[in-house]
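Participant: In terms of numbering that gives the first Met the number 0, the sequence shown has 25 at position 26, counting the first letter as 1, and numbering is strictly consecutive.
One structure, pasted below without further comment.
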Amino acid sequence: MGSFPKAPLKLIALDEDDLKVISAHLQDAVIRMADMAYVPSEHRFAAILNRFDWLSAVEGEGDPAALHRCRCALRFERVKRAQVLNIRPGETTDFAELLAVTYEESEPPGGFITLYFAGGGALRLHVECIEAEMRDLGAAWKTAIKPEHALGDAEPGSPAAELVRDSS
0 MGSFPKAPLK LIALDEDDLK VISAHLQDAV IRMADMAYVP SEHRFAAILN RFDWLSAVEG
60 EGDPAALHRC RCALRFERVK RAQVLNIRPG ETTDFAELLA VTYEESEPPG GFITLYFAGG
120 GALRLHVECI EAEMRDLGAA WKTAIKPEHA LGDAEPGSPA AELVRDSS
């Protein structure tokens with residue numbers, strides 16, 4: 000069984016494989032809509048999330064004491080445009096659960112990074128290239144809740160995914 004606390008994570012993504020690693024660590028992260036922002040003048044998208052520590056949960060082999068969350072920052076650089084579907088960035092009372100972060104190449108090395116949320120929401124970033132960072136912002140805390148959601152909620156291939164793709 001893994002020991003707690005673990006060292007904070009700091010991950011950089013410069014290609015699709017790197018982004019898949021970040022996506023795995025962010026699966027089931029909870030985000031308040033007011034904690035995300037696209038800054039066009041800086042070509043940057045940033046968000047603060049409470050990520051579920053799946054690594055500790057798996058290493059804990061079902062032990063409820065191994066369930067943790069950690070506050071983390073997510074940043075994407077070289078963002079040309081941001082589009083949203085069924086979410087309201089900036090709303091202080093809205094929360095969402097992040098399911099996955101994907102990349103679709105369109106004009107190499109550029110393409111689209113999409114953040115899929117439970118309930119059919121999505122955020123699509125048109126990027127010059129993949130340049131992302133995920134960084135834990137402090138110590139993890141115990142949680143009694145292990146995330147669960149309906150399969151296919153807003154994953155690639157779902158109606159939300161198709162709507163985001165069609166809106167380009």
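Each residue gets a CB set at the ideal place from its N, CA and C atoms; glycine is no exception.
All values reported here derive from a predicted model rather than from experimental measurement.
(1) Would you call the segment 15 to 32 and the segment 47 to 57 touching, i.e. three or more CB-CB distances under 8 Å?
(2) Please work out which residues of its chain come closer than 6 Å, Cβ to Cβ, to residue 11, disregarding the five sequence neighbours upstream and downstream, and give them in chain order.
(3) If you draw a straight line from the alpha carbon of residue 72 to that of residue 88, how long is it in whole angstroms?
(4) Measuring straight from C-alpha to C-alpha, what distance separates residue 112 and residue 90?
(5) Using DSSP with H/G/I as helix, E/B as strand and the rest coil, what is residue 16?
(6) Name the residue from 17, 22, 141 and 136 whose alpha carbon lies nearest to the alpha carbon of residue 193.
(7) Would you grab the beta carbon distance between residue 124 and residue 75 for me? Rounded to a whole angstrom, and I think it's under 8 Å.
(8) By the DSSP assignment, the beta strand (DSSP E) with residue 73 in it spans what residues?
Facilitator: This is what the structure holds:
(1) yes
(2) 132
(3) 16 Å
(4) 22 Å
(5) helix
(6) No answer is possible for residue 193: the residues shown for the chain start at 0 and end at 167.
(7) 6 Å
(8) 67 to 76
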